[in-house]
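Colleague:
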Amino acid sequence: MDNEKIVTGILAVAIIAGVALLYFSLSETPVKKLENNSQNFGQFSAKEDPNDICAVPPGEDPVKWEEHLGHHPDRYAQCLK
Numbered sequence: 008m009d010n011e012k013i014v015t016g017i018l019a020v021a022i023i024a025g026v027a028l029l030y031f032s033l034s035e036t037p038v039k040k041l042e043n044n045s046q047n048f049g050q051f052s053a054k055e056d057p058n059d060i061c062a063v064p065p066g067e068d069p070v071k072w073e074e075h076l077g078h079h080p081d082r083y084a085q086c087l088k
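For what it's worth, my numbering labels the leading residue of the sequence shown as 8, then goes sequentially.
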């Protein structure tokens, strides 16, 4: 009789843990949206080479950098030719 209660309790805890794990693994985690502000602008512009703003900064992916330049045609017009 006591063994049945223990097994039932362990099974119930395992089911609850499985449901909780499934819920948290399938739920969407909130991602902080990147805000365009002066601090972010300073971070990105600090990576630029002042002598050649078209050059890919160290540690940046060239494809992502080119995409970034495309988002700012007014600032990087000479790089997008």
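In this text, a Cβ means the ideal position worked out from N, Cα and C, and glycines have one as well.
1. Could you check how far apart the C-beta atoms of K54 and P64 are, in whole angstroms? I think they sit under 8 Å.
2. Mapping the DSSP letters down to three states, classify D9 as helix, strand or coil.
3. Per DSSP, which one or two residues make a beta bridge with D56?
Modeller: The short version:
1. Yes, K54 and P64 are in contact; Cβ-Cβ is about 4 Å, under 8 Å.
2. Three-state result, D9: helix.
3. Answer by DSSP bridge pairing, in chain order: D59.
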